[in-house]
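Visitor: Dumping the structure here so I can ask a few things about it.
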Ligand SMILES: C[S@@+](CC[C@H](N)C(=O)[O-])C[C@H]1O[C@@H](n2cnc3c(N)ncnc32)[C@H](O)[C@@H]1O
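Residue numbers (my numbering): -9 to 241.
Set out below in structure tokens:
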């Protein structure tokens, strides 16, 4: 018996891994984070128990995993995007280890990747940005020391901010001094869902542009010059004069 933590991807049921889908279709027990995982991701399952854990607490979830373990039943534990990011799997893993219940993690397509795809952007462009910071806006769970948005903004890296759309004015205020008013910023709502929508603007005008929308939850903020880079250098990787292991040259 194994508990499989499965990344469901950002919403589109075709953006789950083949392995994740196979396990969802074969496990007799499915626990899924229903606040972000659409039921369409569970299509084709033949489980005898399917539970939406959105309204359960940790103890209740562990009790269900324990019950499945006692019955020798594999569990598909389905989280949105990639489970390693804001999925609260760390605390479940700790409990499973203490109970000696085997588990495995199946990665997924994270929201940041889906949003970059939607914007047709590369998040790491030569000479513009070579670092991506994935963070969230801290309100109920405070951010650790040194990870306030203004601390991270000093790097001027491409940044993906989760769980922040309802705090956009405060976020813009912290980013502005570091990125500049003309820096591009996008707010992407439910990327890859049928009702996906997004707004692209600058730090100067994004608040007004987003105010016209109803982006309450499940929206990601992407900021950085890679979103509208203008001229940027070509990569060394595909430079015709650059020789490397796979392209040693004919001369
Ligand atoms: C609890 S976190 C889970 C992140 C998830 N594990 C991942 O890898 O994408 C939820 C936040 O991720 C972002 N998010 C998740 N799915 C999204 C989507 N399809 N479009 C835009 N943002 C999304 C939003 O900021 C949302 O509030």
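Cβ atoms here follow ideal geometry from the backbone N, Cα and C, with glycine treated the same way.
Rounded to whole angstroms, what's the CA-CA distance from residue 11 to residue 174? Just pull it up for me.
Guide: Approximately 36 Å between the Cα atoms of the pair.
Visitor: Return helix, strand or coil for residue 202, following the three-state DSSP convention.
Guide: Residue 202: coil per DSSP, three-state reduction.
Visitor: Check the DSSP bridge columns for residue 245 and list the partner residues they point to.
Guide: What is shown of the chain runs -9 to 241, which leaves residue 245 out entirely.
Visitor: Quick one: what does DSSP say residue 90 is sitting in, helix, strand or coil?
Guide: Reduced to three states, the DSSP call for residue 90 is coil.
Visitor: One question on the structure: do residue 27 and residue -2 come within less than 7 Å of each other, judged by their Cβ atoms?
Guide: A contact, by the Cβ cut-off of 7 Å.
Visitor: Can you tell me the Cα-Cα spacing of residue 198 and residue 155, whole angstroms?
Guide: Rounded to the nearest angstrom, the two C-alpha atoms are 13 Å apart.
Visitor: Apart from the five residues just before and just after residue 176, which ones in its own chain have a Cβ nearer than 7 Å to its Cβ?
Guide: Result list for residue 176: 109, 188, 189, 190, 212 and 217, in chain order.
Visitor: Between residue 54 and ligand 1, is the CB less than 6 Å from at least one heavy atom?
Guide: No, the beta carbon of residue 54 sits no closer than 6 Å to any heavy atom of ligand 1.
Visitor: Where does residue 83 fall in DSSP's three states?
Guide: Helix.
Visitor: Assign residue 70 to one of two classes, buried (16 or more other C-beta atoms within 10 Å of its C-beta) or exposed (fewer than that).
Guide: Counting Cβ neighbours within 10 Å, residue 70 comes out buried, since at least 16 surround it.
Visitor: Please confirm whether any heavy atom of ligand 1 lies closer than 6 Å to the CB of residue 210.
Guide: Checking every heavy atom of ligand 1 against the Cβ of residue 210, one is found closer than 6 Å.
Visitor: Starting from residue 169, trace the alpha helix (DSSP H) both ways and give me its first and last residue.
Guide: From DSSP, the alpha helix (DSSP H) with residue 169 extends over 158 to 169.
Visitor: List the endpoints of the continuous beta strand (DSSP E) containing residue 119.
Guide: Residue 119 -> no beta strand (DSSP E), and no H or E assigned at all.
Visitor: Which one of 119, 117, 153 and 147 has the shortest CA to CA distance from residue 130?
Guide: With distances taken between Cα atoms, residue 130 lies closest to 153.
Visitor: What's the gap between the Cα of residue 234 and the Cα of residue 114?
Guide: Those two C-alpha atoms are separated by around 21 Å.
Visitor: Can you give the beta carbon distance from residue 66 to residue 20, rounded, assuming they're within the 8 Å contact cut?
Guide: Their Cβ separation, rounded to whole angstroms, is 5 Å, which keeps residue 66 and residue 20 in contact under 8 Å.
Visitor: Quick check: the region 128 to 146 against the region 46 to 62, are at least 3 beta-carbon pairs closer than 8 Å?
Guide: In short, these stretches do not touch, since the Cβ pair count stays below three.
Visitor: If we call anything under 7 Å between Cβ atoms a contact, is residue 64 one with residue 149?
Guide: No, these two residues do not count as a Cβ contact at 7 Å.
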